[in-house]
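A.B. asks: Can you read through this structure? Questions will come right after.
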Amino acid sequence: MPFVFNSFSSSFLGGNQESANRALDAVRSKILNTRTILIPIYGSNHYTLLELDTIDEEWRFYNSIRKEGRRDKYCEATVNLRKNVTNYINLHCKKKIKASAKLLNNAPQQEPGSVDCAVVVAYIIRQKLMKKPIQSNLTKQHCLQMRADIVQAFLTDPKRSWTPEIYHNRMENLRLQKFYDDQDILEDKKKQT
């Protein structure tokens with residue numbers, strides 16, 4: 008099963024090696040025992056995706072606004088992150104992964120003028136998790152359906168939904184927690200006097 012970092016992780020992983028090591032240590036057992044590591048990247052108002060295949064020992068970079076024949080500034084912005092993660096994996100797994108990334112020419116592309124980069128990244132991650140092929144020709148309709156699927160998942164997930172019953176239960180739990188916290192404070196004050 009691929010390991011997926013959240014997009015906030017890229018700032019820790021792309022910092023200095025020490026901060027990257029701390030972030031990677033927190034998930035060490037998971038990343039050292041998986042073939043695929045996926046890292047969503049957000050920068051310059053655009054989402055992209057880095058994939059590390061630890062068996063093929065190769066980084067792959069997905070960019071939904073690829074420009075043929077040009078250097079990819081988004082991929083170039085991940086150099087430090089790739090170096091930090093590569094150093095960590097090579098040290099702990101005795102691998103010889105190189106930090107260079109392969110720009111995928113068949114990465115799904117968003118339509119010009121759309122803001123579907125995050126949707127495309129979510130699509131690629133979903134396909135990887137489900138072990139399904141990635142279509143390189145996503146249409147606007149595919150992106151709209153993916154957006155609808157994401158919204159539906161949030162609205163129907165019991166941990167994230169906000170039905171009146173769930174909202175009432177959460178508020179009651181918060182009220183009770185505050186009550187018990189206040190009781191603990193009062194007990195501490197009594198002990199001090």
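Counting in our numbering, the sequence shown runs from 8 upward without gaps. Backbone N, C-alpha and C define an ideal beta-carbon position, used for all residues, glycine too. Computed from a predicted structure; not experimentally measured.
Please report the residue range of the beta strand (DSSP E) in which Ala108 lies.
C.D. replies: 108 to 110
A.B. asks: Going by beta-carbon coordinates alone, are Arg154 and Val128 separated by less than 9 Å?
C.D. replies: no
A.B. asks: When we look at the beta-carbon of Tyr95 and count the other beta-carbons within 10 Å, is it buried (16 or more) or exposed?
C.D. replies: buried
A.B. asks: Using only the alpha-carbon positions, how far apart do Ser36 and Lys196 sit?
C.D. replies: Straight-line Cα distance between these residues: approximately 43 Å.
A.B. asks: Our contact map puts Asn91 next to Gln24 with C-beta atoms below 8 Å; I'd like the distance itself, whole angstroms only.
C.D. replies: Yes, they are in contact, since the Cβ atoms of Asn91 and Gln24 sit about 5 Å apart, within 8 Å.
A.B. asks: Nearest to Leu151 by alpha carbon, out of Cys124, Lys103, Ile192?
C.D. replies: The shortest C-alpha separation from Leu151 is found at Cys124.
A.B. asks: Among the residues of its own chain, which have a CB less than 6 Å from the CB of Gly50, if the five just before and after it don't count?
C.D. replies: Ala84
A.B. asks: Give me whichever residues DSSP pairs with Pro9 in a beta bridge.
C.D. replies: Paired residue(s): none; Pro9 is not in a bridge.
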